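Protein chains: 2
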Amino acid sequence: MGFGKAVIAQGGGPTAVINHSLTGAIFEILRGGDVDAVYGAVHGVEGIANENFIDLSHTPTDMLNRIASTTGSALGSTRDKPDENYCAQMFDVLRAHDVRKFYYIGGNDSADTCRIVSQQAESVGYDLKVTHIPKTVDNDLLVNDHTPGFGSAAKFVSHAFAGADMDNRSLPGIYLGVVMGRDAGFLTAASALGCSNHRESPLLVYIPEFAFDTDRFLAQIEETYARFGRCMIAVSEGIRGADGTPILAQLYKDIDRDPHGNYQLSGNGQLADSLASLIKNTVKAKVRADTFGYIQRSFAGAVSAVDAHEACAVAEAAVQFSRQKEFRSGSAAIIRTGEYSVEYQLTTLESVARSTKSMAPEFYDCASAKITESFLNYAKPLIDTLPHCTILNGEPVPQLLRKKSYL
Amino acid sequence: MGFGKAVIAQGGGPTAVINHSLTGAIFEILRGGDVDAVYGAVHGVEGIANENFIDLSHTPTDMLNRIASTTGSALGSTRDKPDENYCAQMFDVLRAHDVRKFYYIGGNDSADTCRIVSQQAESVGYDLKVTHIPKTVDNDLLVNDHTPGFGSAAKFVSHAFAGADMDNRSLPGIYLGVVMGRDAGFLTAASALGCSNHRESPLLVYIPEFAFDTDRFLAQIEETYARFGRCMIAVSEGIRGADGTPILAQLYKDIDRDPHGNYQLSGNGQLADSLASLIKNTVKAKVRADTFGYIQRSFAGAVSAVDAHEACAVAEAAVQFSRQKEFRSGSAAIIRTGEYSVEYQLTTLESVARSTKSMAPEFYDCASAKITESFLNYAKPLIDTLPHCTILNGEPVPQLLRKKSYL
């Protein structure tokens, strides 16, 4: 004994593969033989402040494997962002248990939590190594080529749009799906993976990175519907006007905010229903609007194998980085090194905290509301099984009656 | 030459496996060697009336196989219900092409179309054999133990609820999901397959077969939330008040109706959002509401293998029944013969047309809003891969600080 303990926790929105990161980190921490125990904090930093731990040091391998393939955050999550007092309470608890390493799996808000905790620990002279392990279905962490959780959510969205496209082809009309994505359009762009031959498809895509213009939106739908006799539309929940305010917040003044001050964009159908009303007033067509909601981030039946493997591997790498001499704090990032290969690099917490990554300009053509080939090439390797749809192109039967009537 | 031709078409809402029925029927029709050609009517009976056919007699096997595993209705669908004049126009076209057999894949409205077409053909002395092939995600066709399309949609719903349940466990609150089901609660009941240990789970289920009582609904949520610290709710889109009017139609006077006079319940988030508002006014908790929408019936990534096989087999059986001497019209039905085995029986169009099947009384406990073991046993064999979720039950770490403060 005398190594000190490690605490691991999960923050922010769950994903389909976040438990692969949890168990990947636990296996690697235990393999190191350099901690006295691994504790899991229940519901993230809240569990630390409340001294709510479970001991994971002797959890059977089989249970950890089964936890890995369960969606959601097995330890529970939180959206708490600690301030100085919160940190002081956490440090009282962590010191009492002789905790010297803290691993936190989450997105950019959780990376920011790590940054705050690490700074506060340093300022009070507490030797705590703080490691952030990336995850977010939004795919908007800086430095990273992509993030664990995105591949599985993108797989869900691509299969959902593939199905909705075939459904819409069966009973033509206008279909609109609202996809998660507060600041970044990556997940919404995955809709294009489900609608094959994307240039010639009736799919229009609207993402938060480009100001949403209602008139252009309606004109593009009208044009597409006239051309194809149907129209598919993918919209990010976070689309915003030229002034930066989310369209949903413009339409509904009373929407909730989370503790980080973010608008609560998911968990209702208001954006989809409002856009559907706008469309109905402009185009004479059957309009159906779905909001993909929470299903897309934790659907238990569409996990991408690539995503699951990387979620485990990046957590393992993060634990290895945290063993480096002089390591104080940092985050593990996924870097693409080939088509398709990745490596994991250590980066600073500051480099991934708070700010978000946007879709590369070459991924989206704003003028036509189309996702580009470049995005498809980027995203395809992250999904193990792309949807495949075949269109029945039979031989048209010559018309006997109409011919007759034209004679 | 001289056998006459067969026409096949698809009606009503698409499913994930309706093309397995299409291709299963085509293979069997062609194998019989007793038709001159198989034509597909584009967009159901509408394609017949408009003389819009494609010749499927020489479609490559590989293409048919790929069509089978594509969701949606490959031939296009329609919600048209023919009357006498419509039938007369259809018969002009069918006679011009020497069509003597008509196969229609659809639900109870399509079965009713078959009934009308067959009656009209008989009354005008046109020798047309009319065969209905069952499909509906609603699982509400009479005579049938279950219907093709249900297993895959139930698989989607069970995996969606499994994921949503893990998500809700991570960040506790109240989650409500609105599931398809105008008259029958089968698909909504499949939510219980995703929430393991259903008696002890925080899942409440509301289906159209039992009058929806808002006060009881809110009381049950309040009680569940108090007990579990969270609550999961599955609601059929078709839930109705004691007078039989859908709750959605009570809340919104202007909702659309389809050509059959049915309320358009899917394609918006209104029911989920209204119920969420009601809950928010009663229980102080985070409330999130999703509407599963069109995704659940045609999701390209969660097809049940059992469902796909049966969709093919029941269509094959239907074609075989239609070769029986004296056959005029009929439908093929799926009958369960063991745990788990099925056989296919010929039944009359009248027995499956229009009326709908309800959940068996032993499948649902209205007083507790719980799905019973009996339903789970009924539904499990129809889904090839049930969601599996493992709960992390670690050893709680004794509290050092709180202990101290209690001393």
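Sequence order for the protein chains is L and Z.
Residue 1 is where the first sequence starts when you use my numbering, and the numbers rise one by one after that.
Residue 1001 is where the second sequence starts when you use my numbering, and the numbers rise one by one after that.
Glycine is no exception: its CB is placed at the ideal position from the N, C-alpha and C atoms.
All values reported here derive from a predicted model rather than from experimental measurement.
| query | Taking the runs of the alpha helix (DSSP H) that are 4 residues or longer, which of them lie wholly in the region 1101-1148 of chain Z? | reply | 1108-1123
| message | Please confirm whether Leu407/L has its beta-carbon closer than 8 Å to some beta-carbon of chain Z. | response | The pLDDT assigned to Leu407/L is 36, lower than 50, so where the model puts this residue is not dependable; a value taken from the coordinates is nonetheless given after this. Not an interface residue.
| On the premise that Phe1091/Z lies in contact with Ala1068/Z, defined as a C-beta separation below 8 Å, what is that separation, rounded to the nearest angstrom? | Between Ala1068/Z and Phe1091/Z, the beta carbon gap of about 30 Å keeps them out of contact (Cβ cut-off 8 Å).
| query | Within this structure, are the beta carbons of Thr1348/Z and Gly1330/Z separated by less than 8 Å? | reply | yes
| field | Cα-Cα separation, His1097/Z to Ser1123/Z | value | 20 Å
| Per DSSP, Glu51/L forms a beta bridge with which residues? | By DSSP's assignment, Glu51/L forms no beta bridge with any residue.
| Since Ala289/L meets chain Z, which of its residues come closer than 7 Å, beta carbon to beta carbon? | Gly1267 and Asn1268
| task | Go through its chain and collect everything with a Cβ distance to His1020/Z's Cβ below 6 Å, but skip five positions before and after it. | result | Ala1068, Ala1308, Ala1311 and Cys1312
| Can you tell which of Gln220/L, Thr291/L, Leu75/L and Ser57/L has its C-alpha closest to the C-alpha of Gly33/L? | Ser57/L
| query | Taking buried to mean at least 16 other C-beta atoms within 10 Å of its own C-beta, is Ala9/L buried or exposed? | reply | Buried, by the Cβ-count rule.
| task | Name the two residues that bound the continuous alpha helix (DSSP H) containing Thr61/L. | result | Segment Thr61 to Ala68, the alpha helix (DSSP H) holding Thr61/L.
| Contact belief for Ala272/L with Val205/L at Cβ below 8 Å, rounded distance in angstroms | About 15 Å separates the two Cβ atoms, so there is no contact after all.
| Cβ of Ala1162/Z less than 8 Å from any chain L Cβ? | yes
| Are the beta-carbon atoms of Ile1408/Z and Val1038/Z separated by less than 8 Å? | The structure shown does not extend to residue 1408/Z, since chain Z is modelled only from 1001 through 1407, so no value can be given for it.
| field | Spatial neighbours of Lys155/L in its chain, beta-carbon cut-off 6 Å, leaving aside the 5 residues before and after | value | Ala302, Ser304 and Ile383
| For Ala332/L, the residue or residues it bridges with in DSSP | Leu346/L
| task | Scan the region 1386-1403 of chain Z for residues whose Cβ lies nearer than 7 Å to a Cβ of chain L and list them as they occur along the chain. | result | Pro1387, Cys1389, Thr1390, Leu1392, Gly1394, Glu1395, Pro1396, Val1397, Gln1399, Leu1400, Leu1401 and Arg1402
| query | Does DSSP put Gly1408/Z in a helix, a strand or coil? | reply | For residue 1408/Z there is no data in the structure shown, the boundaries of chain Z being 1001 and 1407.
| said: Could you tell me the alpha carbon to alpha carbon distance between Ala1289/Z and Phe1210/Z, rounded to whole angstroms? | reply: 22 Å
| request: Give every residue of the same chain whose Cβ lies closer than 8 Å to the Cβ of Leu1407/Z, excluding the five residues on either side of it in the sequence, and list them in chain order. | output: Because Leu1407/Z carries a pLDDT of 36, less than 50, the predicted location of this residue cannot be relied on, and no value is offered for it.
| said: Suppose you measure from the CA of Glu1362/Z to the CA of Glu373/L; what does that come to, to the nearest Å? | reply: 53 Å
| task | Could you tell me whether the region 268-286 of chain L touches the region 1144-1155 of chain Z, using the rule of 3 or more Cβ pairs below 8 Å? | result | The region 268-286 of chain L makes no contact with the region 1144-1155 of chain Z, as fewer than three CB pairs between them are under 8 Å.
| query | Going along the chain, which residues of the region 1023-1043 of chain Z sit with their C-beta nearer than 7 Å to a C-beta in chain L? | reply | Using a CB distance below 7 Å, the part of the region 1023-1043 of chain Z facing chain L consists of Tyr1039 and Gly1040, ordered along the chain.
| query | Helix, strand or coil: which one does DSSP assign to Glu1028/Z? | reply | helix
| query | How would you label Pro396/L, buried or exposed, when you count the other beta carbons within 10 angstroms and need 16 or more for buried? | reply | Classification for Pro396/L: exposed.
| request: Within its chain, find whatever has a CB closer than 7 Å to the CB of Cys366/L; leave out the 5 residues flanking it on each side and keep chain order. | output: Excluding sequence positions up to five before and after Cys366/L, its CB lies within less than 7 Å of the CB of Phe210, all in the same chain and listed in chain order.
| message | Residues in the same chain with beta-carbon distance under 8 Å from Ala955/Z, minus the five sequence neighbours each way, listed in chain order, please. | response | No answer is possible for residue 955/Z: the residues shown for chain Z start at 1001 and end at 1407.
| field | Paired residues, beta bridge with Thr291/L - DSSP | value | Val178/L and Thr1291/Z
| request: Starting from the Cα of Ile207/L, find the closest Cα among Ser236/L, Cys195/L, Arg297/L and Tyr252/L and give me that residue. | output: Ser236/L
| Enumerated in chain order, which unbroken segments of the alpha helix (DSSP H) with a length of 4 residues or greater are wholly contained in the region 1207-1295 of chain Z? | 1214-1228, 1247-1251 and 1270-1282
| query | Excluding five sequence neighbours on each side, which residues of the same chain lie with their C-beta closer than 6 Å to the C-beta of Ser1405/Z? | reply | In this prediction, Ser1405/Z has a pLDDT of 45, which is less than 50 and means its spatial position is unreliable; what the coordinates show is noted afterwards. Closer than 6 Å at the Cβ level, and outside the excluded window around Ser1405/Z, lies no residue.
| field | Any chain L beta carbon closer than 8 Å to His1097/Z | value | yes
| message | Please confirm whether Thr1059/Z has its beta-carbon closer than 8 Å to some beta-carbon of chain C. | response | Of the protein chains in the structure, L and Z, none is chain C.
| request: Output, in chain order, the set of chain L residues within a Cβ distance shorter than 7 Å of Met1063/Z. | output: Thr390
| query | Looking only at C-alpha atoms, which of Arg240/L, Tyr225/L and Cys231/L sits nearest to Thr214/L? | reply | For Thr214/L, the nearest C-alpha among the options comes from Arg240/L.
| Using a C-beta to C-beta distance shorter than 8 Å, which residues of chain Z count as neighbours of Arg257/L? | Residues of chain Z passing the Cβ test: none, with the nearest at roughly 12 Å.
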